[in-house]
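In full-length UniProt numbering, the protein residues as written are 1 to 364.
By construction, the Cβ of each residue, glycine as well, lies at the ideal position given by its N, Cα and C atoms.
The structure appears right after this line, and notes come after that.
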Amino acid sequence: MRVAALISGGKDSCYNMMQCIAAGHQIVALANLRPAENQVGSDELDSYMYQTVGHHAIDLYAEAMALPLYRRTIRGRSVDTSQVYTKCEGDEVEDLYELLKLVKEKEEVEGISVGAILSDYQRVRVENVCKRLDLQPLAYLWQRKQEDLLREMISSNIQAIIIKVAALGLDPDKHLGKTLDQMEPYLLELSSKYGVHICGEGGEYETFTLDCPLFKKKIIVDSSEVVIHSADAFAPVAYLRLLELHLEDKLGEPCHIVGRVFWGFEGQHGYRKDKTRSALEDKDQKQLGELPLLSMDRANAEPGTSQDAKLSQLVSCHVSAGRRMKAEADMQAAHVLSSCLFVSLISLAVSSLSPLQAHPLYLL
Numbered sequence: 001m002r003v004a005a006l007i008s009g010g011k012d013s014c015y016n017m018m019q020c021i022a023a024g025h026q027i028v029a030l031a032n033l034r035p036a037e038n039q040v041g042s043d044e045l046d047s048y049m050y051q052t053v054g055h056h057a058i059d060l061y062a063e064a065m066a067l068p069l070y071r072r073t074i075r076g077r078s079v080d081t082s083q084v085y086t087k088c089e090g091d092e093v094e095d096l097y098e099l100l101k102l103v104k105e106k107e108e109v110e111g112i113s114v115g116a117i118l119s120d121y122q123r124v125r126v127e128n129v130c131k132r133l134d135l136q137p138l139a140y141l142w143q144r145k146q147e148d149l150l151r152e153m154i155s156s157n158i159q160a161i162i163i164k165v166a167a168l169g170l171d172p173d174k175h176l177g178k179t180l181d182q183m184e185p186y187l188l189e190l191s192s193k194y195g196v197h198i199c200g201e202g203g204e205y206e207t208f209t210l211d212c213p214l215f216k217k218k219i220i221v222d223s224s225e226v227v228i229h230s231a232d233a234f235a236p237v238a239y240l241r242l243l244e245l246h247l248e249d250k251l252g253e254p255c256h257i258v259g260r261v262f263w264g265f266e267g268q269h270g271y272r273k274d275k276t277r278s279a280l281e282d283k284d285q286k287q288l289g290e291l292p293l294l295s296m297d298r299a300n301a302e303p304g305t306s307q308d309a310k311l312s313q314l315v316s317c318h319v320s321a322g323r324r325m326k327a328e329a330d331m332q333a334a335h336v337l338s339s340c341l342f343v344s345l346i347s348l349a350v351s352s353l354s355p356l357q358a359h360p361l362y363l364l
């Protein structure tokens, strides 16, 4: 189906787009809600719904993906904070409604990619908006184990940096600007010690994606500065303001898309956590990893190939490290079977010469 992706610039919305494509959907547009430019403290808007840190770089994000970007200024605030949301004038959720209404009219989308993992507050409100607009919410990360998710994002070649910290153990001077793979061991340690959410679902940190397999170009940060939002002695809140950035070509670089789909919520009646399904029908495979795919440049070089075909080619060509192990095991099994067959044929030849060996032979 034709899908518009809600993006904040972070890792979750990016990885969910990859899962949408692996499931056979087509990302045709991006949608983002931003604070007003003249609003005081607009870099870090006090919102229950939206990540605003890094919003200045969203235009470049869309350019890197070569997709149309629809943006709307957040005019509302968190008015209805109840467990069950109902349409409420002046609420920031209504800004989301107006944004997606426009995207649906312009792009004829049927579904919305959402990077939600754990927040029921966000889930209820996204469902409300999608139901009113007759759109299908697609959240393949919903209620996934966060340790697995972070590992998959890293192995899928999502290059995202920490742009906000707000938790015990996260130091603005040490950790802002670090990549996910650099932070993974430390985040696991913080989770063990203090119960920090590995993927930042408790607001512990936020990220911005500089590169991923869906990008035709990668984002380079030329200059940035650390802004202290709250100088708490134990858990300071700070963010990285991205001052100057540019796009750079990705010539000859391998592209990775994890070819495994995790079915999250789909439909008008809420999120649904279901069984996992592989894009390559490897239903029993439990391990994830990756091998180099065709580079995006090679796919782009194929004459007469549509963008959908290119992305499908990239997805279909992906083989995870887990599947490589399975392939090796299958080869070993094939060798064993061949050996058994050879021995059986020899036995059959012998049995034809000796009446004493005239019993059935079974291949295991």
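- Task: Pull up the distance between the alpha-carbon of valine 124 and that of serine 13, whole angstroms please.
- Result: 17 Å
- Query: How many angstroms separate the CA atom of glutamine 122 from the CA atom of leucine 149?
  - Reply: 19 Å
- Message: Is it buried or exposed, lysine 164, if we count other Cβ atoms within 10 angstroms and call 16 or more buried?
- Response: buried
- Query: Where does the unbroken beta strand (DSSP E) through asparagine 32 begin, and where does it stop?
  - Reply: 26 to 34
- Query: Per DSSP, what kind of secondary structure is aspartate 95 in: helix, strand or coil?
  - Reply: helix
- Message: Taking only three categories from DSSP, how would you classify glutamine 51?
- Response: coil
- Less than 8 Å between the CB atoms is what I'm expecting for valine 109 and valine 28, so what's the real figure, rounded? 6 Å
- Is the number of C-beta pairs between the stretch 16 to 36 and the stretch 136 to 144 that are closer than 8 Å three or more? yes
- Item | tyrosine 70 - containing beta strand (DSSP E), residue span | 69 to 73
- Are methionine 18 and serine 155 closer than 8 Å when you measure CB to CB? no
- Message: Using DSSP's beta-bridge definition, name the partner residues of serine 230.
- Response: Val237
- Task: Report back the beta-carbon spacing between alanine 167 and tyrosine 205 to the nearest angstrom; my notes put them in contact at under 8 Å.
- Result: 7 Å
- If you draw a straight line from the alpha carbon of leucine 240 to that of aspartate 249, how long is it in whole angstroms? 24 Å
- Under 8 Å Cβ to Cβ from aspartate 173, same chain only, skipping five residues before and after it: list those, please. Val226
- Classify proline 137 as helix, strand or coil using the three-state DSSP reduction. strand
- Segment limits, beta strand (DSSP E) that includes arginine 2: 2 to 6
- Determine which residues share a DSSP beta bridge with alanine 160 and list them. Thr209
- Query: Looking at C-alpha atoms only, which residue of Ala62, Tyr15, Ala4, Ile7 is the closest neighbour of isoleucine 219?
  - Reply: Ala62
- Query: Candidates Tyr15, Gly76, Tyr70, Ser119: which alpha carbon is nearest histidine 197's?
  - Reply: Ser119
- Task: Take the Cβ of serine 192 as the centre, count every other Cβ of all protein chains shown within 10 Å, and call the residue buried at 16 or more, exposed below.
- Result: exposed
- Please determine, among Glu107, Gly177, Tyr97, the residue with the shortest C-alpha to C-alpha distance to leucine 30. Glu107
- Query: Excluding the five sequence neighbours on either side, which residues of its own chain have a C-beta within less than 6 Å of the C-beta of serine 230, listed in chain order?
  - Reply: Val237
- Query: Taking the alpha carbon of serine 223 as the point to measure from, which residue in Thr209, Leu214, Leu210, Leu245 has its own alpha carbon closest?
  - Reply: Leu245
- Excluding five sequence neighbours on each side, which residues of the same chain lie with their C-beta closer than 6 Å to the C-beta of aspartate 181? Ile154
- So, helix, strand or coil for arginine 132, using DSSP? helix
- Message: By DSSP's criteria, histidine 197 is part of a beta bridge. Which residues make up the other side?
- Response: According to DSSP, which records beta bridges pairwise, histidine 197 is partnered with nothing at all.
- Query: What number of angstroms, rounded off, separates the C-alpha of residue 399 from the C-alpha of arginine 2?
  - Reply: Residue 399 lies beyond the range of the chain shown here (1 to 364); nothing can be said about it.
- Task: Work out the CA separation of methionine 49 and valine 129 for me, nearest whole Å.
- Result: 13 Å
- By DSSP, does leucine 291 sit in helix, in strand, or in coil? Low confidence applies here, because leucine 291 scores a pLDDT of 26, under 50, leaving its location unreliable; read the following figure in that light. Looking at leucine 291 - three-state DSSP - the assignment turns out to be coil, as it is neither helix nor strand.
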